[in-house]
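Numbering (this note's numbering), first residue to last: 1 to 290.
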């Protein structure tokens with residue numbers, strides 16, 4: 001199996017996979033907490049326009065996707081604040097407009113085609129270039145710095161915005177920062193997982209970790225571990241079976257979720273029974289003392 005490391009493109013793909021495995025759950029845990037698990041999917045649609053803009057202008061699509069998806073994420077937050085009852089319609093137009101804009105721009109580009117978009121939609125391990133690795137590394141460092149360095153503030157805002165506001169936290173600034181971080185994470189993952197599947201990698205490892213752990217820190221640590229394992233395994237599997245890495249990674253993540261859920265349910269039941277038994281013993285002892 002180690003022969004895959006003889007290929008330079010696989011070295012780059014595995015390095016990118018590790019960074020995706022870290023960043024996607026690190027952001028996803030906050031989105032799940034805010035019940036915005038689908039946000040990554042919407043940003044992915046908008047980022048498609050950024051990718052196409054890169055082909056049209058001759059720039060690196062990663063950087064143009066960062067710019068466009070960050071603007072889209074900020075717009076999503078503004079819609080969430082001010083959209084009221086028509087917010088869902090505005091978001092739908094933003095999502096579909098992002099995808100339509102990407103298809104239109106890529107066909108206007110002299111060097112791009114719909115085939116180029118496919119590699120970004122579903123991931124492609126052979127297209128991770130040295131420039132992409134540099135860009136992904138810088139973006140991943142930004143994501144880790146924000147998600148871990150501001151974890152207490154972000155957790156407070158995601159848990160209860162009103163309480164966070166009362167305590168003096170800059171709620172709107174933190175919300176915008178989280179939205180931009182989610183946009184950056186989408187662009188980090190698009191080469192390996194693909195824009196259409198990155199949202200699953202943000203959510204599924206976190207959902208799996210929640211089945212087996214208690215507390216924010218333990219859930220985050222387990223979610224990142226699961227993310228790294230499935231991204232590396234899925235990338236290796238896609239190399240040998242010649243299938244899109246994004247699909248392999250997401251299917252593996254769902255499989256891990258199913259296994260952890262199956263194992264955690266009996267354990268949770270036993271834990272509940274032990275707690276109930278302990279409470280009954282305490283009640284009987286109190287009755288005897290009385």
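Just so it is clear, CB atoms sit at the ideal spot from N, CA and C, and this is done for glycine as well.
* Can you say whether residue 131 is buried or exposed, counting buried as having 16 or more other CB atoms within 10 angstroms of its CB? => It counts as exposed.
* To do: Would you mind working out which of 251, 3, 230, 29 sits nearest residue 143, comparing C-alpha positions?
  => Check the Cα spacing between residue 143 and each of 251, 3, 230, 29: the tightest is with 29.
* To do: Would you mind stating whether residue 260 and residue 208 have Cβ atoms separated by less than 9 Å?
  => It is a contact, given that the beta carbons lie within the stated cut-off.
* **Alpha carbon of residue 300 to alpha carbon of residue 257, nearest angstrom** => In the structure displayed, the chain extends from 1 to 290; residue 300 sits before or after that span and is not available.
* Does the count of Cβ pairs from the region 63–77 and the region 165–182 closer than 8 Å reach three? -> Yes: at least three Cβ pairs fall under 8 Å.
* Rounded separation between residue 186 and residue 218 - CA only -> Rounded to whole angstroms, residue 186 to residue 218 spans 24 Å at the Cα level.
* Among the residues of its own chain, which have a CB less than 6 Å from the CB of residue 198, if the five just before and after it don't count? -> Cβ neighbours of residue 198 beyond the five flanking positions: 40, 44, 186, 189.
* Let me know the secondary structure DSSP gives residue 250 once reduced to three states. => Three-state result, residue 250: helix.
* With a 10 Å radius around its C-beta and 16 neighbouring C-beta atoms as the bar for buried, classify residue 159 as buried or exposed. => Burial call: exposed.
* Reduced DSSP secondary structure (H/G/I, E/B, other) of residue 36 -> Coil.
* To do: Return the CA-CA distance between residue 262 and residue 33, expressed in angstroms with no decimal places.
  => Distance between the alpha carbons of residue 262 and residue 33 is about 23 Å.
* contact_flag[the region 215–230, the region 97–113] where n(CB pairs < 8 Å) is 3 or more -> Three or more Cβ pairs closer than 8 Å define a contact, and the region 215–230 falls short of that threshold against the region 97–113.
* To do: Label residue 266 either buried or exposed according to how many other C-beta atoms from any shown protein chain fall within 10 Å of its C-beta, with 16 as the threshold for buried.
  => Label assigned to residue 266: exposed.
* Evaluate residue 35 with the Cβ neighbour count: other Cβ atoms within 10 Å of its Cβ, from every protein chain shown; 16 or more gives buried, anything less gives exposed. => By the 10 Å Cβ count, residue 35 comes out exposed.
* Distance between beta carbons of residue 213 and residue 201, contact taken as under 8 Å -> Between residue 213 and residue 201 the Cβ distance is about 18 Å, and since that is not below 8 Å, they are no contact.
* Measuring CB to CB, does residue 255 end up less than 9 Å from residue 196? -> By the CB criterion at 9 Å, residue 255 and residue 196 fall outside the cutoff.
* Helix, strand or coil: which one does DSSP assign to residue 292? -> With the chain covering 1 to 290 only, the question about residue 292 has no answer from this structure.
* Asked: Given a threshold of 16 other Cβ atoms within 10 Å of its Cβ, counted over all protein chains shown, does residue 8 qualify as buried or as exposed?
  -> With a threshold of 16 other beta carbon atoms within 10 Å, residue 8 falls short and is exposed.
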